[in-house]
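Asks: Numbering (this note's numbering), first residue to last: 11 to 339. Where is the CB? At the ideal position from N, CA and C, for every residue including glycine.
(1) Report the three-state DSSP secondary structure of residue 219 (helix, strand or coil).
(2) Considering only the beta carbon of each residue, do residue 105 and residue 68 sit closer than 7 Å?
(3) Check whether the region 188–198 and the region 262–269 touch, using three or more Cβ-Cβ pairs below 8 Å as the test.
(4) By Cβ distance below 8 Å, which residues in the same chain neighbour residue 209 in space, the five residues on each side in sequence not counted?
(5) Can you give the Cα-Cα distance for residue 98 and residue 58, rounded to whole angstroms?
(6) The alpha helix (DSSP H) with residue 291 in it runs from where to where?
(7) At 4 residues or longer, and completely inside the region 306–334: list those alpha helix (DSSP H) runs for me, N to C.
(8) Opposite residue 253 in the DSSP bridges: which residues?
(9) Rounded to a whole number of angstroms, what is the C-alpha to C-alpha distance between residue 134 and residue 110?
(10) So the candidates are 125, 142 and 263; which of them puts its Cα closest to the Cα of residue 132?
(11) Suppose the cutoff is 8 Å on Cβ atoms and the five residues either side in sequence are ignored; what does the same chain contact list for residue 198 look like?
(12) Give a yes or no on contact between the region 77–92 and the region 111–131, applying the rule of three or more CB pairs nearer than 8 Å.
(13) Between the region 291–311 and the region 226–245, can you find at least three pairs of beta-carbon atoms closer than 8 Å?
(14) Indicate whether residue 230 and residue 169 have their beta-carbon atoms separated by less than 7 Å.
(15) Does DSSP put residue 304 in a helix, in a strand, or in coil?
(16) Taking C-alpha atoms, which residue in 61, 166, 184 and 232 lies nearest to residue 196?
(17) Tell whether a beta-carbon distance below 7 Å holds between residue 95 and residue 330.
(18) Is the beta carbon of residue 307 closer than 7 Å to that of residue 297?
(19) Taking 8 Å as the cut-off, does the region 269–288 touch the region 246–257 (at least 3 CB pairs, one atom from each stretch)?
(20) Quick one: complete beta strand (DSSP E) runs, 3+ long, within the region 84–120?
(21) CB-CB under 7 Å to residue 25, same chain, minus the five flanking residues each way: which ones, in chain order?
(22) Cα separation between residue 66 and residue 140?
(23) Work out the CA separation of residue 225 and residue 63 for me, nearest whole Å.
(24) Relative to the C-alpha of residue 203, which candidate in 332, 337 and 72 has its C-alpha closest?
(25) Report all residues from its chain with a CB closer than 8 Å to the CB of residue 77; omit the five preceding and five following residues, and keep chain order.
(26) Quick check: the Cα distance between residue 314 and residue 93, rounded to an integer number of angstroms?
(27) In this structure, does DSSP put residue 82 in helix, strand or coil?
(28) Name the two residues that bound the continuous beta strand (DSSP E) containing residue 65.
(29) Express the C-alpha separation of residue 247 and residue 108 in angstroms, rounding to a whole number.
(30) Take the Cβ of residue 166 as the centre, count every other Cβ of all protein chains shown within 10 Å, and call the residue buried at 16 or more, exposed below.
(31) If we count the other Cβ atoms within 10 Å of its Cβ and call it buried at 16 or more, is residue 174 buried or exposed?
(32) Could you tell me how far apart the beta carbons of residue 257 and residue 323 are, in whole angstroms, since I believe they sit closer than 8 Å?
(33) Determine the direct distance from the alpha carbon of residue 187 to that of residue 219, and round the result to whole angstroms.
Below is the structure:
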């Protein structure tokens with residue numbers, strides 16, 4: 011039986027690398043916000059670590075993001091990776107593209123971790139070969155003991171592959187800023203959630219949610235809308251730390267995402283019309299430019315857990331520190 015959450019109280023020949031990048035952080039070198047990791051490469055060679063980032067958005071979806079000035083899903087995590095672990099290498103795999111092939115076990119074993127961005131696929135569409143492709147990689151990473159991390163679609167993928175269950179949310183979409191996310195007792199003790207307030211907010215955009223966690227999962231956080239907002243899943247030889255929300259987003263990127271989803275959001279009643287949506291988007295952009303704008307932060311319930319990078323990105327940093335790097339020390 012799986013774990014039913016309750017609501018909170020309050021490249022080689024057969025692997026086509028569609029994007030392979032070795033990226034340095036521009037400008038001056040940023041100190042990694044990870045305790046015990048030195049930027050002295052004689053002490054720790056971060057440039058030996060390579061990560062796989064499967065971006066499951068189709069070319070059409072990626073074009074929609076680019077049209078509104080939003081970074082692509084895979085690039086958001088790639089940028090966060092090199093920000094927090096300077097010198098790390100990564101491969102962005104556009105895994106839903108026509109002709110995309112799946113990495114072999116040998117190819118997969120070369121990665122220090124797999125980082126799963128959000129995706130607009132539906133995990134319970136079992137007849138979709140793109141969904142099966144992602145499930146295959148996640149399952150084999152579990153089998154090989156390769157640490158995995160991800161957001162939104164990722165927690166649904168992590169849960170389903172390990173035996174959990176995902177359904178369409180009866181309330182529909184959770185969008186923008188999810189508030190009153192509460193750490194569970196287990197979450198307050200778990201290394202993934204170090205640095206998080208007991209109650210916090212985060213960025214969301216999803217129609218489906220996890221309704222049953224698999225055996226071997228630890229529920230770390232939830233709110234009234236989605237009782238499973240963060241979980242750590244152990245399955246086979248591996249672990250998969252995942253969130254329903256997006257640690258890789260900031261206010262600017264969410265503003266761009268809202269623009270990309272304009273038609274759907276207006277149809278669903280999130281905004282009266284385009285002017286209403288644009289006014290909302292501009293408030294996000296204004297706080298992104300100047301986090302001291304108290305009046306807008308009050309209106310939109312934007313607290314420090316949204317504007318502080320260290321709080322907002324803590325789950326990903328903790329995954330690097332506690333799940334990935336100990337394997338190489």
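Replies: Looking at the atomic coordinates:
(1) If DSSP states are grouped into helix, strand and coil, residue 219 belongs with the strands.
(2) One thing to note: residue 105 has its Cβ no nearer than 7 Å to the Cβ of residue 68.
(3) Segments in contact, no.
(4) 20, 190, 191, 192 and 193.
(5) Distance between the alpha carbons of residue 98 and residue 58 is about 7 Å.
(6) Unbroken alpha helix (DSSP H) run through residue 291: 284–299.
(7) Runs of the alpha helix (DSSP H) spanning 4 or more residues and lying entirely within the region 306–334 occur at 314–317, 319–322 and 324–329, in chain order.
(8) Beta bridge pairing from DSSP links residue 253 with 161 and 240.
(9) So the two alpha carbons sit approximately 21 Å from each other.
(10) Distance from the Cα of residue 132 is smallest, within the candidate group 125, 142 and 263, for 142.
(11) The residues are 208.
(12) Yes: the two stretches touch, three or more of their Cβ pairs being nearer than 8 Å.
(13) No, the region 226–245 does not touch the region 291–311.
(14) Their beta carbons are not under 7 Å apart, which means residue 230 does not touch residue 169 by this criterion.
(15) DSSP places residue 304 in helix when its eight states are reduced to three.
(16) The option with the nearest alpha carbon to residue 196 is 232.
(17) Cβ distance < 7 Å, so residue 95 and residue 330 count as in contact.
(18) Yes, Cβ-Cβ distance for residue 297 and residue 307 is below 7 Å.
(19) Because the criterion of three Cβ pairs below 8 Å is not met, the region 246–257 and the region 269–288 do not touch.
(20) Whole beta strand (DSSP E) segments, 3+ residues: 99–104.
(21) Residue confidence for residue 25 is low, a pLDDT of 28 falling below 50, so the modelled location carries little weight and cannot support an answer.
(22) Roughly 8 Å separates the two Cα atoms.
(23) For the pair residue 63 and residue 225, the Cα-to-Cα distance works out to about 26 Å.
(24) The option with the nearest alpha carbon to residue 203 is 332.
(25) Result list for residue 77: 270, in chain order.
(26) The alpha-carbon atoms of residue 314 and residue 93 are separated by roughly 20 Å.
(27) DSSP places residue 82 in coil when its eight states are reduced to three.
(28) Segment 60–65, the beta strand (DSSP E) holding residue 65.
(29) Between residue 108 and residue 247, the C-alpha separation is close to 31 Å.
(30) That one is buried.
(31) Counting of Cβ neighbours within 10 angstroms places residue 174 among the buried residues, the total reaching 16 or more.
(32) Contact flag correct, Cβ pair sits at about 5 Å.
(33) Spanning the alpha carbons of residue 219 and residue 187 requires a straight line of approximately 16 Å.
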